[in-house]
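What follows is a short report on a single structure.
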Amino acid sequence: MTGSTGYKKSVRKETGPLSARLPTSSAITEIRVADEATWNPTAMFSISSGVFANPALNAQLDNFLYSLDAEERDFFQQLTGIQDEDALREHILAVQAKAYEVYSYPCIRRFSFIRLKIARLPGYKHALKLLQGHKDPILLDIGCCFGNDARKAVIDGWPVHNVVASDLQQGFWECGHELFKSTPETFPATFIPGDIFDPAVFTETPQPSSSPPLVLPPLNTLTSLTPLTHRISAIHASALFHLFPEARQLELARRLAALLRPEKGSIIFGQHASKQEKGVLVVSGQIVNGQPVRVFCHSPESWREMWTREVFGPDSGMGVKVKVEAELVEHNIPDMADGTAALEHDGLWFMNWAVRVV
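According to the UniProt record's numbering, the sequence shown holds residues 1 to 358 in order.
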């Protein structure tokens, strides 16, 4: 069993807060992966580190960073019913302030929660095609935050009762209902709170045998992801992998692979911070345990190798072949009210990627 890859290096640049998700509020420098042994992995930014739960480490909210393009404006006007642009802005700013109190991720400060991330990923078009050829395909938005991507998928035709969203912070999902003026009744997608590394949230089960699979209970009755093992046709995971060190990223990839339906067309896709060469970004200005916060980033090559050799490789027992596609896109992220770029050196790269069963 082997995997294949498509690797593209994009020369286009994007500016503004479109993909401003990397946890930083100051200049970013880099070190090579060869230096990885010299730093303490506990100083890495991660969901469990609590780095951005400390208000002293976080920048204040800045209304200058707010912007909606035409597609995003139409999306929010449609779902909120607020047509006046000034009133819509004030509504979004009010919910942002509440979410920043739940957990002060820089992506909240930079309004990543109002971007239509999923719709701008190449893997999304393939995911939507599953609605035509697969029976009752399930979409999982892991690390869903407010649920804007899940809502976009529903608008584009994915049955809401076949949408599952999960996030560590239930408060973000509740902020999403406030943001979009919805309720669990008017937007009945299934939400499963918790940490995917927690056995109570997900415990891997053996690959299904030739015997008939167990009947899946109604999604809205689920309290964990475990019953969804080998049942999910499309998994969206953006701004998630770069929250973890390298070994944890591999573990996360294996867990998502275990959730994926082992049939042709099933897909895991997303976007996160990347590097042209595998290595670590050092977030200057944010010190934890006496060390700056560091973010491990895969390159497209190392990303491909992780999925094709370690996750779906010959010894994985997964029983399927995958194709991995990746595209690097460079972003320039304004951070200060005067428009000063947050990133120095050679900028920040994001990777649009997809892992598809073939």
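Each residue gets a CB set at the ideal place from its N, CA and C atoms; glycine is no exception.
Query: When you compare each of 293, 279, 320 and 319 to residue 301 by their alpha carbons, which one comes out closest?; Result: 279
Query: Could you check which residue in 238, 164 and 153 has the C-alpha nearest to that of residue 128?; Result: 153
Query: Check whether the Cβ atoms of residue 204 and residue 258 sit closer than 7 Å, and answer yes or no.; Result: yes
Query: Could you give the distance in angstroms between the alpha-carbon of residue 434 and the alpha-carbon of residue 273?; Result: Nothing can be reported for residue 434: it is not among the residues displayed for the chain, which extend from 1 to 358.
Query: With a 10 Å radius around its C-beta and 16 neighbouring C-beta atoms as the bar for buried, classify residue 308 as buried or exposed.; Result: buried
Query: Inspect the beta-carbon positions of residue 311 and residue 254 and report whether they are closer than 7 Å.; Result: yes
Query: Give the straight-line distance between the Cα atoms of residue 112 and residue 299, rounded to the nearest whole angstrom.; Result: 23 Å
Query: In the DSSP assignment, the alpha helix (DSSP H) including residue 297 goes from what residue to what residue?; Result: Looking at the DSSP string, residue 297 is not in any alpha helix (DSSP H); the run it does join, the beta strand (DSSP E), is 291 to 297.
Query: For residue 389, write down the residues that DSSP places opposite it in a beta bridge.; Result: A query on residue 389 cannot be resolved here, the shown segment of the chain reaching from 1 to 358 and no further.
Query: Once the 5 residues before and after residue 108 are set aside, which same chain residues still bring their CB inside 6 Å of it?; Result: 99 and 100
Query: Just how far apart, CA to CA, sit residue 51 and residue 329?; Result: With a pLDDT of only 46 at residue 51, under the threshold of 50, the placement of this residue in the model should not be trusted; the figure read from the coordinates follows. Residue 51 and residue 329: Cα-Cα distance of roughly 27 Å.
Query: Any contact between the segment 131 to 148 and the segment 157 to 170? By contact I mean 3 or more CB pairs, one from each, below 8 Å.; Result: yes
Query: In the DSSP assignment, find the beta strand (DSSP E) that holds residue 234 and state where it starts and stops.; Result: 234 to 236
Query: Could you check which residue in 90, 354, 314 and 76 has the C-alpha nearest to that of residue 324?; Result: 354
Query: If I'm right that residue 117 touches residue 271 with Cβ under 8 Å, what's the distance once you round it to whole angstroms?; Result: 6 Å
Query: Figure out for me which residue from 220, 157, 71 and 322 has the closest Cα to the Cα of residue 264.; Result: 322
Query: Give the list of continuous beta strand (DSSP E) stretches no shorter than 3 residues that lie fully inside the segment 67 to 144.; Result: 139 to 142
Query: Using the C-alpha atoms, what's the distance from residue 237 back to residue 171?; Result: 19 Å
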